[in-house]
Structure formats: structure tokens, C-alpha cells
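Everything below concerns the one structure shown next.
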Amino acid sequence: MSPEMGHDDVRTALAAEALGALDGDEAEAVRAHLADCAECRSELEELREAAAALAHAAPPAPMDADRSARLRARLVARAAADRAGGAHDANPDAFSTGPALKAVAPPLSVPDDRGGVIPIARARERRGGMGGWLAAAAAVLLLIGVGAYAARMKGRYDALSERYASLDDERTRLVRSVARRDSTLASLSGAGVQVIELASTQRRAPNGRMFWDPATARWTFFAHDMPALKAGRDYQLWLITPAGPVSAGTFRPSPDGGAVVQATYPLPRDQLKAIAVTEEPAGGLPKPSGTPLIVGTYGTTE
Amino acid sequence: MPDTLVPAQADRELVRRMAAGDEAALGALHDRYATLLHSLVIRIVGDPDDAEEVLEETFWQAWRQAGRYEEGRGGLSTWLVMMARSRALDRIRSRRRVREERWEELPEPSYVEAGGSGDVPSPLESAQADEVRRVVASAVARLPPEQRQTVELAYFRGMSQTEIAEATGQPLGTVKTRARLALTKLRDALAVLREDAR
Numbered sequence: 034m035s036p037e038m039g040h041d042d043v044r045t046a047l048a049a050e051a052l053g054a055l056d057g058d059e060a061e062a063v064r065a066h067l068a069d070c071a072e073c074r075s076e077l078e079e080l081r082e083a084a085a086a087l088a089h090a091a092p093p094a095p096m097d098a099d100r101s102a103r104l105r106a107r108l109v110a111r112a113a114a115d116r117a118g119g120a121h122d123a124n125p126d127a128f129s130t131g132p133a134l135k136a137v138a139p140p141l142s143v144p145d146d147r148g149g150v151i152p153i154a155r156a157r158e159r160r161g162g163m164g165g166w167l168a169a170a171a172a173v174l175l176l177i178g179v180g181a182y183a184a185r186m187k188g189r190y191d192a193l194s195e196r197y198a199s200l201d202d203e204r205t206r207l208v209r210s211v212a213r214r215d216s217t218l219a220s221l222s223g224a225g226v227q228v229i230e231l232a233s234t235q236r237r238a239p240n241g242r243m244f245w246d247p248a249t250a251r252w253t254f255f256a257h258d259m260p261a262l263k264a265g266r267d268y269q270l271w272l273i274t275p276a277g278p279v280s281a282g283t284f285r286p287s288p289d290g291g292a293v294v295q296a297t298y299p300l301p302r303d304q305l306k307a308i309a310v311t312e313e314p315a316g317g318l319p320k321p322s323g324t325p326l327i328v329g330t331y332g333t334t335e
Numbered sequence: 005m006p007d008t009l010v011p012a013q014a015d016r017e018l019v020r021r022m023a024a025g026d027e028a029a030l031g032a033l034h035d036r037y038a039t040l041l042h043s044l045v046i047r048i049v050g051d052p053d054d055a056e057e058v059l060e061e062t063f064w065q066a067w068r069q070a071g072r073y074e075e076g077r078g079g080l081s082t083w084l085v086m087m088a089r090s091r092a093l094d095r096i097r098s099r100r101r102v103r104e105e106r107w108e109e110l111p112e113p114s115y116v117e118a119g120g121s122g123d124v125p126s127p128l129e130s131a132q133a134d135e136v137r138r139v140v141a142s143a144v145a146r147l148p149p150e151q152r153q154t155v156e157l158a159y160f161r162g163m164s165q166t167e168i169a170e171a172t173g174q175p176l177g178t179v180k181t182r183a184r185l186a187l188t189k190l191r192d193a194l195a196v197l198r199e200d201a202r
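Residue numbers (this note's numbering), protein chains in the order written: chain A, 34 to 335; chain B, 5 to 202.
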């Protein structure tokens, strides 16, 4: 069910609608409003025209001359064949990209009296002369044929629907993956990102590096050579402030000792004194209970 | 008068002939709009073979649906551009399932400077089209980078506002505001063309 949207809300969303960027529910609500609001329809047309004009801003890229000539010839030939074969779409929803769709539906036919196949039109012509039994048989066979065809189309529709759902899921997964990657890159490469080195307090030399973007309050921590944890234990990352340690999350390293932790936590620059990692019970604690495994002080790198 | 904004007489005549079944009109439509549409489609799909197929589908759709074209709802180029963009986005969406790296392979935008296209042939080989491109490119170039990025992700990559928010790490409300401001500015820039055309 789409949410209700008032006139002002819809007007605010019209630019996104013109760009095709509205999400499902919102798009549905906007379109429902448009059906009854001429003012919004008019504004949407202007915005759509503005969106379409973006095509003019793309770098001019003429098609290769040979390729263009072949495409033109193909189009004109197809159009000539189309004109010879029948009229254009009378039904707006029946748009076809070519003759291929026409070929999907086999011609309706019935067996003739010698076991061959004759067009249904001929069967009708012969119905009167051959008697009622032939007409009845033809009708039955026709129904069987139509039923089989409908079942085949239904099967094809179901398969395509399933395929579409699968592709849509895959698309959603990929978009999220890209979003995560972009978000990580943004938190590492921002102009104001601070880099804090953490040194080991252990002989085995685990170490880490914290990237802090004060502008977005994002913290991205990379750890290396972390010792493996026993069951029921986690590493916990701490931001050390004058008011005490603040947890920035728990993590378990990969088999090679590496780990990445991301957190969002606003903290004034003068409040950060150090970064530390301790080993704690699984899930972490409100306050550190263990000795810091690695520590990095802050204040000298600014 | 810029054909983007007001349907030109030549466009009306082309549509009328196509609706009447004159295949030569489809050839003329191709001559008139192939470069504009190809520039858009190649920007989205990146691959010349894919772009050619998308263009063929677009022109074929225009041929089949010429009788349904409503002049009052926008110029012919707007109609064609919307069809081409929709089909190009469908193409990259189906391709992304097997080629995730295509996200990075998409060409980066490089808008034409307001001075014109230099040695690059005019898409419509007309001064009017050059003027439209100059005004649009100039308007886009003047947008703040974050607004331009929002419009580009939506228009050329087909991302929804939620997807843009996730991709850029910005709040959804910020993305909505940027999209609205950017497109409104672009609309106002086009209004200048309308005024000039009167």
C-alpha cells in the first residue's frame, strides 16, 4: 500500500520522479496524486524535459559511420516489411521490438481428415458440408490447442517472472556492495581524514591504523597480525577520551590476523586522546577490562 | 526554435509520416537523432555493440508507436531520449548481474564547456542544437559537485534516491534536496532558451 502524500510533498518529489529515481512506495503515491492534480502534472512535464535535456550534456559521441549506415538500412528495411505486413501498434501495451514476438504464437490449426494440418479458416469453410460431428471435433481440438498454448505461455510467463525476481535480487545485492565500497573509500580519502598509527604492546607485533573523518564522524580501523581469539572472546576497539573509553565496536580477526572495523561516532578533535584494542568477553563490555593489546595516541599527528 | 523545447515543424512532419507507414521517415528520424541518442546511450552502456542494439530498439519503438506520440507532452527529442535512456538502463541492469566491475568501467562524465563542442561534429548539425547543448552543458557545469553527482547517478546510472544515499553515504533527505535543486536549476536554464526562442 502506498503512503499518503500531500500536494507539497508530491511537488518536492517531482524532480526525483522526472529522473526516475523514486523508490516504489513513494513513486506509487506520487503517481496517484498526479492523476488528480493538473498543476503537478504540468510541473512534472517541465522537469522531465529538463531531465531529458541532460542527454545534450553527454559528451558528443557520433556512431561509427559504417555501423550507423548499417543500422539505418536495417531500420528502413524492417519498417518496409512491417508496413507490408500490417499496421502499427493499435494497442499501446502491445509494443513489440520486431517480428520475433509475432512468431511466438503458432497459427491456430486443426487436423484435416487425412491427418494433415489445415488452417482454422478452411475448417470453418468446410464445417457446413461435412456435418455437425466435424464441427464439434474441430471445436474440441481447437480448445485443446488453445489450452495447450495458454499453458505454455503461462509457463513461460512464470519462468520470466522468476528470472526477473532473481535479477532484481542480484541487482539489489550489487548496489549494496558498491555502496559499501564507496562508503569505505569516502571514509579513507576525504580531505579532512586523520590517520592515527597504533603500535604494538606485544612481542608478536599486532598493529593497526585508524582513519578518522571528523567531518562525517566516521571511524575506519584496520588491524594486522592480531592473535587468534579463543571461543567466547572478542577484540574491542576503544576511543579514549577525558571522560573515559568509548567503545567503537568489537571484532574477530580473520585467520591471517587481519580485521576491519567501521563506526560512526561524533567526537570533537580535542576529546580524542588515544585509540586502544583490548580482548574482552564476546560482545564486548561497557568499559575495558583487559590490558590494551595495541594503543595509538592522538594529538601529535595533527 | 530549439527542438528540445518546442516540437519543430520538421519533427511533426516526421512523426506524421511514420504514423502513416512511410519507412523513409524512419530513415530521416535516424539521420536527425542518431548522434544525440548515441551520445546518451554510449554514456550509459559504454559498449558500442550494446549501444547499437539500444538505438535500434529505440528507433523501432518510435516507428511502432508514432501514432501515439503526443506533442503536447513534450518535444520529439524528449520522447526519444526517454525511450533510449530507459532501454539503455535496462541493458546495464541486466549486464551488472555478471559484470559487477562495469560500475567502475562506466566512462566518467566530461561535460562540454560552454564555449561549444570544438572540432566534434554537431549532433544535429545545426546551430540550434549547438545552442541547446551549450546551455545545458553550461547549466550542468555550474551545478555544485554534489548536486551534479546526484543527478548523474540517477540519470546515467539509473539509481534510486535510496541507492544514491547508500552509495554516497549521505542522508536520504540530503539526496532528495540535491536532486530537486539540480533539476530545478536545469529547468530554469532551459526556460532561458524558451524566452530566447520567442
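Every residue gets a Cβ at the ideal spot worked out from N, C-alpha and C, and that includes glycine. Quick caveat, the model's predicted, so the values are computed rather than measured.
Item, Value
"When you compare the segment 59 to 79 of chain B with the segment 24 to 41 of chain B, are there three or more beta-carbon pairs, one atom per stretch, that lie closer than 8 Å?", "yes"
"Just to make sure I have the definition right: I need the residues of chain A whose C-beta is within less than 8 Å of the C-beta of B/G177. Which are they?", "The contacting residues do not exist; B/G177 stays about 10 Å from chain A at best."
"Would A/V208 pass as an interface residue toward chain B - the criterion being a Cβ-Cβ separation below 7 Å?", "yes"
"If you follow the beta strand (DSSP E) that A/A256 is in, where does it begin and where does it stop?", "R251 to H257"
"Relative to chain B, which residues along the segment 192 to 205 of chain A have a C-beta separation below 8 Å, given in chain order?", "L200, E203 and R204"
"Between A/A113 and chain B, is the shortest Cβ-Cβ distance under 7 Å, so that the two count as touching?", "yes"
"On the CB-based measure, 16 or more other CB atoms within 10 Å of its CB, does B/T39 come out buried or exposed?", "buried"
"Ends of the alpha helix (DSSP H) at A/M186?", "G165 to S222"
"For a contact meaning CB atoms closer than 8 Å, what does B/L59 contact in chain A?", "M96 and L104"
"Could you give the distance in angstroms between the alpha-carbon of A/S216 and the alpha-carbon of A/A309?", "24 Å"
"Quick one: using the 10 Å Cβ neighbour count with 16 as the cut-off for buried, is A/S322 buried or exposed?", "exposed"
"Taking Cβ positions, are A/R251 and A/T297 nearer each other than 7 Å?", "yes"
"Where does A/E230 sit, in a helix, a strand or coil, going by DSSP?", "strand"
"Please decide whether B/V85 counts as near chain A, where near means a Cβ-Cβ distance under 7 Å.", "yes"
"Name, going along the chain, the residues of the segment 62 to 81 of chain A whose beta-carbon falls closer than 8 Å to a beta-carbon of chain B.", "E78, E79, L80 and R81"
"Can you check whether the C-beta of A/V109 is within less than 7 Å of a C-beta belonging to chain B?", "yes"
"For the segment 143 to 151 of chain B and the segment 97 to 105 of chain A, state whether three or more C-beta atom pairs, one from each stretch, are separated by less than 8 Å.", "no"
"Please report the distance separating the alpha-carbon of B/V144 from that of B/I168.", "18 Å"
"Taking the continuous beta strand (DSSP E) assigned at A/L108, which residues delimit it?", "Looking at the DSSP string, A/L108 is not in any beta strand (DSSP E); the run it does join, the alpha helix (DSSP H), is A98 to G118."
"Examine the Cβ distances between the segment 78 to 96 of chain A and the segment 56 to 70 of chain A and report whether three or more of them are shorter than 8 Å.", "no"
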